[in-house]
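Heads up: the sequence shown begins at 3 in my numbering, then just goes up one per residue. Heads up, the beta-carbon is just placed ideally off N, CA and C, and yes, glycines get one too. Worksheet: the structure to be examined is printed underneath.
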Amino acid sequence: LRAAVTRVFDHPVIARCQLHKLRNVTDRLPDHLACTVGKRMRQAYRADTALEAEAQLEALAKELQRTHPGAAASLREGLAETLTVLRLGVPPTLARTLRSTNCIESMISIARNHSRNVKNWQSGDMALRWCATGMAEASKQFRRVNGHLHLAALRRALDEYVAAETGDAVRHNEPVIAA
């Protein structure tokens, strides 16, 4: 997925779901340890800075390495991408929504269910039309994003992040509409 995103977009800012990361790590641990590790991961994800969170998570991975190397490897894999929202400095109300990919997965699931009875995909255009109608169907169940008033701040943070990575200033003049 990452390779596809980087092929399509010039300078993507990739964020991984913190909830899935937490689940993936704790699933590799015995029950008596999973609760403690999950608590420490949640605490790290609520740190004031990405640097602080990364240090806490790396220390946790180091502790797990000797007795549970699979959990440690899972924690380290994509670690920086789980801290993207924190690194961008997104306001807490919007960050809470962006830390999870559940809203995206819900939309994909509804779109997939909408097109599951199509047996003869005649062309790429047909697939795009069905995908679009599935997303339109999914949109009926959308709720307002928590922290939607901070979407303009998210855009600025993304522009600044990309500018720092590339040396190019990116500016959007269109207003952010949060209906």
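Going straight from the alpha carbon of residue i to that of residue j, what length do you get?
{"i": "Arg137", "j": "Ser111", "result": "Rather than Arg, the amino acid found at residue 137 in this sequence is Met. Rounded to whole angstroms, Met137 to Ser111 spans 10 Å at the Cα level."}
{"i": "Asp33", "j": "Arg68", "result": "18 Å"}
{"i": "Arg158", "j": "Asn122", "result": "44 Å"}
{"i": "Glu79", "j": "Leu3", "result": "15 Å"}
{"i": "Ser125", "j": "Ala113", "result": "18 Å"}
{"i": "Cys105", "j": "Thr28", "result": "22 Å"}
{"i": "Val147", "j": "Ala134", "result": "21 Å"}
{"i": "Ala49", "j": "Gly40", "result": "15 Å"}
{"i": "Ala240", "j": "Leu66", "result": "Nothing can be reported for residue 240, as the shown portion of the chain is limited to 3 through 181."}
{"i": "Gly72", "j": "Ser108", "result": "29 Å"}
{"i": "Lys64", "j": "Ala74", "result": "7 Å"}
{"i": "Trp132", "j": "Ala5", "result": "25 Å"}
{"i": "Gly169", "j": "Leu160", "result": "13 Å"}
Secondary structure at residue i, three-state DSSP: helix, strand or coil?
{"i": "Gln124", "result": "coil"}
{"i": "Cys133", "result": "helix"}
{"i": "Gln21", "result": "Correcting the residue identity first, residue 21 is Leu in this sequence and not Gln. Three-state result, Leu21: helix."}
{"i": "Pro94", "result": "helix"}
{"i": "Val39", "result": "helix"}
{"i": "Val15", "result": "coil"}
{"i": "Ala49", "result": "coil"}
{"i": "Gly149", "result": "coil"}
{"i": "Glu79", "result": "coil"}
{"i": "Asn119", "result": "coil"}
{"i": "Leu100", "result": "helix"}
{"i": "Glu72", "result": "Reading off the sequence shown, one finds Gly at residue 72, where the question assumed Glu. Gly72: helix per DSSP, three-state reduction."}
{"i": "Leu62", "result": "helix"}
{"i": "Asp33", "result": "helix"}
{"i": "Gln143", "result": "coil"}
When you compare the CB positions of residue i and residue j, do they come within less than 8 Å of one another, or not?
{"i": "Leu156", "j": "Leu96", "result": "yes"}
{"i": "Leu21", "j": "Ser76", "result": "no"}
{"i": "Thr99", "j": "Gly149", "result": "yes"}
{"i": "Arg42", "j": "Leu24", "result": "no"}
{"i": "Leu31", "j": "His70", "result": "yes"}
{"i": "Arg145", "j": "Glu83", "result": "no"}
{"i": "Leu81", "j": "Glu56", "result": "yes"}
Residue i: beta carbon under 7 Å from a heavy atom of the ligand ATP?
{"i": "Glu79", "result": "Looking at this structure, you won't find the ligand ATP or any other ligand, since it has none at all."}
Contact between the stretch 4–16 and the stretch 162–171 (3+ Cβ pairs under 8 Å): Taking a cut-off of 8 Å on C-beta distances, the stretch 4–16 touches the stretch 162–171, as three or more cross pairs fall below it.
message: Three or more C-beta pairs under 8 Å: does that hold for the stretch 91–101 against the stretch 55–71?
response: Proximity of the stretch 91–101 to the stretch 55–71 falls short of the contact definition, fewer than three beta-carbon pairs being nearer than 8 Å.
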